[in-house]
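A.B. asks:
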Amino acid sequence: CQNIQRRRLSSLKIAYYLIAIVIVFSILIYAEIFYCNDANLLIPPLPCYAKNYPCRLYNDFTFALIFVVIPCLLMCIFGYLTILNIRKLHRSVVPTSGIRTKNSKDTRNIKKSDRQLIQMLLIQVLLLTMFTLPIAIQRLYATLTINTVKSQLSLTIENFLFQLLLSFTFISMSIPFYVYLLTGTIFRQRLIALFHNLVAVHRVQLETSTIYNNN
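In case it helps, my numbering puts the sequence shown at residues 2 to 216.
1) In three-state terms, what does DSSP make of V95?
2) Which term fits L129, buried or exposed, when burial requires 16 or more other beta carbons within 10 angstroms of its beta carbon?
3) Pick out whichever of F161, I119 and S152 has its Cα sitting closest to the Cα of Y229.
4) Helix, strand or coil for N60? Go by DSSP, reduced to three states.
5) Considering just the uninterrupted stretch of the alpha helix (DSSP H) at L156, what are its terminal residues?
6) Candidates V126, S152 and L156: which alpha carbon is nearest R140's?
7) Mind the definition here: the stretch 51-64 touches the stretch 142-152 only if three or more C-beta pairs lie below 8 Å; say whether that holds.
8) What do you get for A51, buried or exposed, if any count of 16 or more other CB atoms within 10 angstroms of its CB means buried?
9) With DSSP as the reference, please indicate the residues paired to N38 in a beta bridge.
10) By how many angstroms is the C-alpha of H203 removed from the C-alpha of L85?
11) Can you grab the Cα-Cα spacing for the pair L123 / Q117, in whole Å?
12) Could you give the residue range of the alpha helix (DSSP H) that holds A32?
13) For M131, count neighbouring C-beta atoms within 10 Å of its own C-beta (all shown protein chains included) and say buried if the count is 16 or more, exposed if not.
14) Check I15 in the structure and name its three-state DSSP category.
15) Taking the alpha-carbon positions, what's the V95 to C77 distance?
16) Looking only at its own chain, which residues have a Cβ that is under 6 Å from the Cβ of L166, when we skip the five neighbours before and after it?
17) Under 9 Å between the Cβ atoms of I87 and I30?
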């Protein structure tokens, strides 16, 4: 009964509801931009930024929540549930006596694949946290010390750190590809096979065009 209820949740109707909820939730979170953000600011870190302390504090907490906490939690939860689902699917296949040797080998391969999936998931979450958490901490520090008198050198260093850590957040967007490439044997094999197929298709196209031109 529990599996049937879970399958009922995997429908287009539920997906449309979730998309609508996410859109409304995002609009409500960022609606404060029309009031808080101001352009052409002379004070770092950005020309277009929150104009006062409450707005900056709200933006910093929402940034840490949306770009650090929630993604890491969702990746851990859904990644772990996906691995559990794969294990249940393999366990549901009852082996026969004639193919026990083959099934034992397949079981070892499945366990190896599970270890690779868990390793890729943990590394991805760790790298995502490493690249996004520093900018959240820096933003909170800059906001909490906004009323503190600072020298020009301190402001320059803070601005430099902000720009540097902000670039790390863009690097985090490409993390999955490199994590899968470096830690996943299955992913590398599929990627190499894809390149071989592309080369083969390109070679066939060249041979076809050569034959056509000769005729």
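Using N, Cα and C, we set each Cβ at its ideal position, and we do this for glycine too.
C.D. replies: Judging by the given coordinates:
1) At V95, the pLDDT of 49 sits below 50, so the modelled position is not reliable and the matter cannot be decided from this model.
2) Label assigned to L129: buried.
3) As displayed, the chain neither begins before 2 nor continues past 216, which places residue 229 out of reach and without an answer.
4) helix
5) Q153 to I172
6) L156
7) Enough Cβ pairs lie closer than 8 Å, so yes.
8) Its Cβ being crowded by 16 or more others within 10 Å, A51 is buried.
9) A51
10) 40 Å
11) 10 Å
12) Per DSSP, A32 belongs to no alpha helix (DSSP H) and is neither H nor E.
13) exposed
14) Of the three classes helix, strand and coil, the one that applies to I15 here is helix, per DSSP.
15) Only weak support exists for where V95 lies, its pLDDT of 49 falling under 50; the coordinates are left without a value.
16) Only P135, I136 and Q139 meet the Cβ criterion.
17) no
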